[in-house]
Amino acid sequence: MNHEDALRGDVHDALDPITGSTPDLIPGIVRRLRPVSRRRPLVAIGQVAAVLGIGLVVAAVAFSLHRSRVAPPGVTTAPTTPIIAGPGANNAWLTSQQSSNNAYTGDIVTGVDPSGHVVGQINARDELRSPDGSHLYALVDGGLDVYSAVDAHKEQTIQLEPITYGQPMLSTDGHYFAVVGNTPSTLQLVDLLAGRAVASTNVGLPAFGVPVIIGERAQHVYVVGSTIAKFAFDGTRFRLEQNTTGHTLACDGLVVGGANSAGGLPFRVLADGRTLVAFCPVDGRVTWFDLVAMQVTHEVQIGQRNPFWVSPVFSDDGKTLYLHEGGTGALHVIDLMQRKIVMSTKVASAGTNPLAWLRSLLVTDADAGGIPRTVALSPDGAWLYAVGAFGARGGLTIVHLPDLAVKGRWLPDVSFESVWISADGGTIYLLGPGDQLRVLRTDGSQVAKVTLPANSWGFIVPTIP
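Shown next as structure tokens:
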């Protein structure tokens, strides 16, 4: 390598951002600080200036092209600006199912802050968390309760038509709330800023397991069942605009979302505003659906050992889907732009019974039939944290995403069922056996152990459809 090539490499390294927040990045930072060759300083300065100049030109051209693009027709649900974490976004909120005489009676929702202190509790059912993490929404008889994620104080109650069972959803900007209830199957839309219901209509679909997708400014609302119904909203009322027929997103009779979205939604609308990507927990199928053309455009399928073993987690930019199989430690990386599997590897050796999932169907575990949240991403997208679940020991596995390299295992002799990362990326929450929550820092140090109510089963994570 000649001197010019070496200097170009130094310039590239200096301009390439360093990501990550763990001690594993320190060697890389140290390497970046190595002295630049002094033999030809003027050449080095000239090359840096040239690179920066080219970068400014490219940025200007890219900005010009961006401004000149015509937005795609139809619905837009992806955020136009990054979601900024709100008050209480670093607090974890977990659901514990309660029962009487073997009948479900509701949930106790418990909040824990990064210091390990319980900040509040809520009695609720069908809970959601706002995209910025600052609010909790809970369906109650005849209404919707709105709570602060800081300390669980109730801020308001919004009146709704009675709902026996509901599948709620929020818009990406947190402005609107929609719910499909049953008997009859009714879609209701709430303007959260105005604090009132603004429209309702009978959708004619079974309510169980039916997710709702709210477009930008609620101009369109989609109800996803055995078919997908597209409703236009003019500010005062709904109008059925289109209804699909034939194959949509149903997988073996089970619709994505609903009871199977525990711990994180298995679908996301991409940044183009018209492409819905959904993961089927039954057969491991990933489906791309065009919300404007109202048809399936592409599908890929991963191998999975058992149904409901794979946890789907989307990157914040919506370009990548990570599918982690807690029972085996398998990890699949799906490029949502290229619509293909780009990597399949194993980040843990989970020595568990391959039929362990049957126990969740035969025993009254709280997570029966749901998707366990066995994986979480750091907010900067550089790190993935995975647990085994299903009684598999191995603790918490730390994976560096750029190279999918395992950088460490914390608490390897413990079995954990679910994991969540705070909005600032500084705190890791692990739900383990005996309804015990462990609070860790990102250096692996343990802050606290918290005993939760019986039958604790998962985190209420910010909702980004």
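So for the sequence shown, the working numbering puts the first residue at 29; every next one is plus one.
All C-beta atoms in this analysis are idealised placements derived from N, C-alpha and C, irrespective of residue type, glycine included.
What does residue i pair with, by DSSP beta-bridge criteria?
i: I362; result: L349 and I369
i: A225; result: V218
i: L304; result: V297 and F317
i: K435; result: Partner(s): none; K435 has no beta bridge.
i: T425; result: A414 and R437
i: L405; result: L412
i: N230; result: T214
i: V240; result: V251
Which of helix, strand or coil does DSSP assign to residue i?
i: A246; result: helix
i: P400; result: coil
i: P115; result: coil
i: G462; result: helix
i: W485; result: strand
i: F418; result: coil
i: A321; result: coil
i: I449; result: strand
i: L390; result: The predicted model places L390 with a pLDDT of 42, which falls under 50 and marks its position as unreliable; any figure quoted below should be read in that light. Here L390 sits in helix by DSSP.
i: Q332; result: coil
i: I456; result: strand
i: N271; result: strand
i: T123; result: strand
i: R469; result: strand
i: P339; result: In the sequence as displayed, the identity of residue 339 is Ser instead of Pro. Here S339 sits in strand by DSSP.
i: A376; result: coil
i: S443; result: strand
i: T479; result: strand
i: I256; result: strand
i: P309; result: coil
i: V76; result: Bear in mind that a pLDDT of 35 at V76, under 50, signals an unreliable position, so the number given afterwards is only what the model happens to contain. The answer is helix: DSSP assigns V76 an H, G or I state.
i: P490; result: strand
i: S96; result: Residue confidence is low: S96 scores 32 on pLDDT, short of 50, so the model does not pin down where it sits. Its coordinate-derived value is still stated next. Three-state DSSP puts S96 in a helix.
Measure from the alpha carbon of residue i to the alpha carbon of each residue in the options, then state which is nearest.
i: V475; options: Y457, V341 and F487; result: Y457
i: P400; options: T315, L172 and V447; result: V447
i: L172; options: A206, A246 and R367; result: A206
i: S499; options: L217, S450 and A166; result: Summary: the structure shown does not reach residue 499, with the chain confined to residues 29 through 493, and so no result is reported for it.
i: T254; options: Y165, V240 and S162; result: The sequence shown places Ser at residue 254, rather than the Thr named in the question. The shortest Cα separation from S254 among Y165, V240 and S162 belongs to V240.
i: V403; options: G409, A414 and A410; result: A414
i: S484; options: G114, Q149, N118 and G263; result: Q149
i: S494; options: T200, L221, I191 and H203; result: The question about residue 494 has no answer, for the chain in this structure spans 29 to 493.
i: L304; options: H181, E327, P440 and M371; result: E327
i: N151; options: H145, Y165 and D141; result: Y165
i: H181; options: S213, A260, V489 and S162; result: S162
i: E189; options: V252, T200 and G209; result: G209
i: L432; options: R265, V370 and G346; result: V370
i: I426; options: S213, G419 and A410; result: A410
i: F444; options: G416, D344, R153 and Y204; result: G416
i: G243; options: V231, T264, G301 and R333; result: G301
i: G318; options: V310, A306, G312 and F266; result: Checking the displayed sequence, the identity of residue 318 turns out to be Asp instead of Gly. It is A306.
i: S343; options: S473, N230, L198 and L429; result: L429
Can you find a C-beta in chain D that's less than 8 Å from the C-beta of residue i?
i: F336; result: Absent from the structure: chain D. Only one protein chain is present.
Is the beta carbon of residue i sitting closer than 8 Å to the one on residue j?
i: Q126; j: G134; result: yes
i: Q184; j: V168; result: no
i: R466; j: T455; result: no
i: M322; j: T356; result: no
i: L122; j: L459; result: yes
i: N119; j: V147; result: yes
i: I330; j: L364; result: no
i: I488; j: P159; result: no
i: G202; j: L220; result: yes
i: G223; j: I186; result: yes
i: P481; j: R157; result: no
i: L349; j: P335; result: no
i: G346; j: A420; result: no
i: R333; j: E353; result: yes
i: A113; j: D408; result: no
I'd like the ranges of any alpha helix (DSSP H) spanning at least 4 consecutive residues and lying wholly in the segment 133–209. none
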